[in-house]
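In numbering that gives the first Met the number 0, the protein residues as written are 0 to 204.
Positions of the beta carbon are idealized from the N, C-alpha and C atoms, including for glycine.
Model, not experiment: these values are computed from the prediction.
Remarks on the structure that follows.
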Amino acid sequence: MNVLRIVVLASGNGTNLQALIDAEKAGRLGPGHIVGVISDQRDAHALKRAASAGIPVVIEEVDAGLPVDTQLRELSDRLLRDLRDMNAELIILAGFLVVLEGEIVDAYAGRIINLHPSLLPKYGGAGMYGETVHLSVLAAGETESGCTVHIVDAGTDTGPILLQRKVPVLRSDTAETLAERIHGEEHIAIVEAAALMAEKLSVLH
Ligand code: GAR
């Protein structure tokens, strides 16, 4: 079977990256093979996880010297160059907190998936990430939440949904306890979605 080259983008702790690394080791990523990890944060723990697994890493930070309205576009263009250099075939945004803009979205249409910590289309969109999502879910009195993996399109958290996993929201929950419960489901969802996409894309070689 053909190997399907995966690049994971992560900004923080990287527990979802770790789930993907462990899944590949256990033979649960199908043809998927993680060939690189890119972060916009040089101190992201995700980079250490990648290095420990022997996966090459690249750091691409926002250039704060540029006009604010061009920063994300310029970073996206650098990411596109890196992905092409790595011959990436599937890109996984696993806790990557930069919104991709411009050419990269079209160049990798149908090949970028994003993990989001809510049941989209609820609690998605600009500024909705990490703790903000969980605080909003709690403030609205929701009785369930969860995570979504979707294909990235030109919007923010708007692309076609691949899969979702639900968790109950408890009356005693804080943003932290809810985030932790959702994290457990994310580790399953991201692996399932990656394997699904890797299988699907590998036949298009
Ligand atoms: C995950 O909960 C992921 O859903 C969220 O960041 C966390 C990263 O955790 N992503 C977003 O909020 C994107 N909108 P991790 O670094 O432990 O994998």
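Item: Of the residues Met196, Ala43, Thr173 and Arg48, the one placed nearest Val151, counting alpha carbons only; Value: Met196
Item: Touching by the beta-carbon criterion (3+ pairs, under 8 Å), the region 120 to 132 and the region 151 to 167; Value: yes
Item: Residue from Leu65, His182, Asp39 and Ser201 with nearest C-alpha to Asn15; Value: His182
Item: DSSP state of Gln163 mapped onto helix, strand, coil; Value: strand
Item: Own chain partners of Val61 with C-beta closer than 6 Å, once the 5 adjacent residues on each side are dropped; Value: Gln70 and Leu74
Item: Inter-stretch contact at 8 Å, needing at least 3 Cβ pairs: the region 85 to 92 / the region 110 to 122; Value: yes
Item: Beta bridge counterpart(s) of His115 as assigned by DSSP; Value: Thr147
Item: Between the CA atoms of Ser201 and Leu99 - distance to the nearest angstrom; Value: 24 Å
Item: DSSP-derived helix/strand/coil call for Ser171; Value: coil
Item: Proximal residues to Asn86 (C-beta, below 7 Å), its chain only, five neighbours per side dropped; Value: Arg4
Item: Selection from Lys165, Gly13, Glu130 and Ile160 that minimises the alpha carbon distance to Thr173; Value: Glu130
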